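Asks: Residue numbers (my numbering), protein chains in the order written: chain A, 1 to 192; chain B, 1001 to 1192. Note that beta-carbon positions come from the ideal geometry of N, C-alpha and C, so glycine has one too. Just so it is clear, the structure is predicted and the values come from calculations on it, not from any experiment. First the structure, then my questions, so here it is.
Protein chains: 2
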Amino acid sequence: MLNDVKSERSAGPDLGTRLRSVREERGLSQRELARRAGVTNATISLIEKNRSSPSVSSLKKVLDGIPMTLAEFFALELPPEDQIFFRAAELPEFSEEGVSFRQLGGDKSRQKLQILRERYAPGADTGETMLSHDSEEGGIVLSGRIEVTVGDQQRVLGPGDGYYFDSRTPHRFRNVGDEICEIISACTPPYL
Amino acid sequence: MLNDVKSERSAGPDLGTRLRSVREERGLSQRELARRAGVTNATISLIEKNRSSPSVSSLKKVLDGIPMTLAEFFALELPPEDQIFFRAAELPEFSEEGVSFRQLGGDKSRQKLQILRERYAPGADTGETMLSHDSEEGGIVLSGRIEVTVGDQQRVLGPGDGYYFDSRTPHRFRNVGDEICEIISACTPPYL
DNA sequence: TAACAGTGTTTAATAATTTCAACAAGAGCC
DNA sequence: GGCTCTTGTTGAAATTATTAAACACTGTTA
């Protein structure tokens, strides 16, 4: 469910990118680190993609394989705090069941604006229970077709189309086409 | 199972005592902190007693209620590094199903010797699958009666009695009496 | 081309954590 | 005494993380 992504976001500092960055700096593959840490490579993959929030003890095990302490890990400032430019590969990703979000800027707790590159696989859906949060949001469709439901209004949008609404109104996104749909969206304040 | 305690120990810095210390410094009850953090009081209780290793996201939620960042939390040095004297209440506790360990000195990763005050409730048992690790250990019974199995030898010990063996030999402790049994034990190197 | 070894990802089953609700112990107060 | 409010703890159920095994992809070598 999308709720998971939501709660993982509130995990704060982007743990996935942080771990990936540390690992790649050491020139370790997921499998090699997993072997040293005594966990499976799947665990590392899921953590790095922010699809699971590891327990402190397993994160400790993983860091032991680096090696690095928890304090060092969390003290790390990955983006130099006030980074301005971001390469595509640097955007932290939150993905789940055909829905993928890449976020502009690592730490949304210090930003007033959250900008996402959203990617919906065919059939992907933000879920039957409508989303609702205290923000305003808008976006523009890059490719594909997506059904957007806001309150009692519903519309299928294609490339070039856009939307803008008060996020307190229950809403839902659903890729009704048979190709991938990409959207650039913005939200203020950030949807924690 | 006792294995859990084992893996929680390797969680490293004693997370439970650390959290309890931070919470009490702020004058918060478990319930009050739970309310602010949006978790239940049971969660806090279990974490503080090292009976569960929280996910990073839930630990983050808890710390948000303090408030305090993960980096600050892990950077904290609870015992001033080379503490010599410990009050009874300061001993970090690891407990589970009638078995409780209180450890002398917080961080066993820097110590060569692990000294525990063990407490077995009537019927408590370290489990059917025998324990085995690369250490030597010994202990003296303070009160109650405990059945100690080491390899093919087995004995019931009472107050004043002691034991010493190579921990690689499969072993097991079981309180066969109807009163609490307390033991002071030592192990080198620490049973991670 | 095929075969292989390396990478990261995903899925279903297993094992852990978290919640909900109840409990017991202590303090204050009438 | 009893009553009430608060504390921390615990057991069964719900939720989440972890594993084991498979998949898809890339580059290398015969």
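Can a CB atom of chain B be found closer than 9 Å to the CB of ASP82 (chain A)?
Replies: Locating residue 82 (chain A) in the first sequence gives position 82, counting from the first residue. With a pLDDT of 47 at ASP82 (chain A), under the threshold of 50, the modelled position of that residue is not reliable, and the figure given next carries that caveat. So no, ASP82 (chain A) is outside the interface.
Asks: Grouping DSSP H, G and I as helix and E and B as strand, with all else coil, what is ALA194 (chain A)?
Replies: Here chain A covers residues 1 to 192 and nothing more, so residue 194 (chain A) does not appear.
Asks: Are at least three pairs of beta-carbons, each pair with one atom in the segment 126-144 of chain A and one in the segment 170-188 of chain A, less than 8 Å apart?
Replies: Contact between the segment 126-144 of chain A and the segment 170-188 of chain A is present: three or more C-beta pairs spanning the two stretches fall below 8 Å.
Asks: Check this for me: beta carbons of THR1040 (chain B) and PRO1054 (chain B), under 9 Å apart or not?
Replies: Taking the second sequence and counting its residues from 1, the one referred to as residue 1040 (chain B) is at position 40. Taking the second sequence and counting its residues from 1, the one referred to as residue 1054 (chain B) is at position 54. Contact: no.
Asks: Short of 6 Å in beta carbon distance, which residues of its chain neighbour GLU179 (chain A), apart from the five on each side in sequence? Order them along the chain.
Replies: Stepping through the first sequence from its first residue, residue 179 (chain A) is reached at position 179. Around GLU179 (chain A): GLY144.
Asks: Please list the partners that PHE1074 (chain B) has in chain A, where partner means a Cβ-to-Cβ separation under 7 Å.
Replies: As a first step, residue 1074 (chain B) is located in the second sequence; it is residue number 74 there, counting from the start. Those are LEU70, ALA71, PHE74, listed as they occur along chain A.
Asks: Compute the distance between the beta-carbons of ILE1047 (chain B) and LEU1028 (chain B), then report whether it is under 9 Å.
Replies: As a working note, residue 1047 (chain B) is residue 47 in the second sequence. As a working note, residue 1028 (chain B) is residue 28 in the second sequence. Not closer than 9 Å, so no.
Asks: Please classify LEU63 (chain A) as buried or exposed, where buried requires at least 16 other C-beta atoms within 10 Å of its C-beta.
Replies: As a first step, residue 63 (chain A) is located in the first sequence; it is residue number 63 there, counting from the start. Result: buried.
Asks: Would a C-beta distance cut-off of 9 Å place VAL99 (chain A) and ARG119 (chain A) closer than the cut-off?
Replies: Within the first sequence, numbered from 1, the residue matching residue 99 (chain A) stands at position 99. Within the first sequence, numbered from 1, the residue matching residue 119 (chain A) stands at position 119. Cβ atoms of VAL99 (chain A) and ARG119 (chain A): closer than 9 Å.
Asks: Answer with buried or exposed for PRO1080 (chain B), where buried requires no fewer than 16 other C-beta atoms within 10 angstroms of its C-beta.
Replies: The residue given as residue 1080 (chain B) occupies position 80 in the second sequence. Because the pLDDT at PRO1080 (chain B) is just 47, under 50, the model does not fix this residue reliably, and the value given afterwards should be weighed accordingly. By the neighbour-count rule (16 or more Cβ atoms within 10 Å), PRO1080 (chain B) is not buried but exposed.
Asks: Between which residues of its own chain and ASP1161 (chain B) is the CB-CB distance below 7 Å, once the five residues before and five after are set aside?
Replies: On the second sequence, position 161 is the one that residue 1161 (chain B) refers to. So the qualifying residues of the chain are VAL1141.
Asks: Taking only beta-carbon atoms, is LEU1033 (chain B) less than 9 Å away from chain A?
Replies: As a working mapping, residue 1033 (chain B) is identified with position 33 in the second sequence. Contact of LEU1033 (chain B) with chain A is not assigned, every C-beta pair being separated by 9 Å or more.
Asks: Just checking: is the beta-carbon of ARG23 (chain A) within a distance shorter than 9 Å of some beta-carbon in chain B?
Replies: Within the first sequence, the letter at position 23 stands for residue 23 (chain A). No, its Cβ sits nowhere closer than 9 Å to a Cβ of chain B.
Asks: Of all the options A:SER21, A:PHE73, A:PHE173, which has the alpha carbon lying nearest to the alpha carbon of ASP125 (chain A)?
Replies: Walking along the first sequence from the start, residue 125 (chain A) turns up at place 125. Cα-wise, what sits closest to ASP125 (chain A) is A:PHE173.
Asks: Are there 16 or more other CB atoms within 10 angstroms of the CB of GLN83 (chain A), so buried, or fewer, so exposed?
Replies: Locating residue 83 (chain A) in the first sequence gives position 83, counting from the first residue. Because GLN83 (chain A) sits at a pLDDT of 48, beneath the cut-off of 50, its placement in the model cannot be relied upon, and the point is left open.
Asks: Residues of chain A with CB closer than 7 Å to the CB of LEU1015 (chain B), please, in chain order.
Replies: Position 15 of the second sequence, counted from the first residue, corresponds to residue 1015 (chain B). Neighbours of LEU1015 (chain B) on chain A, chain order: VAL56.
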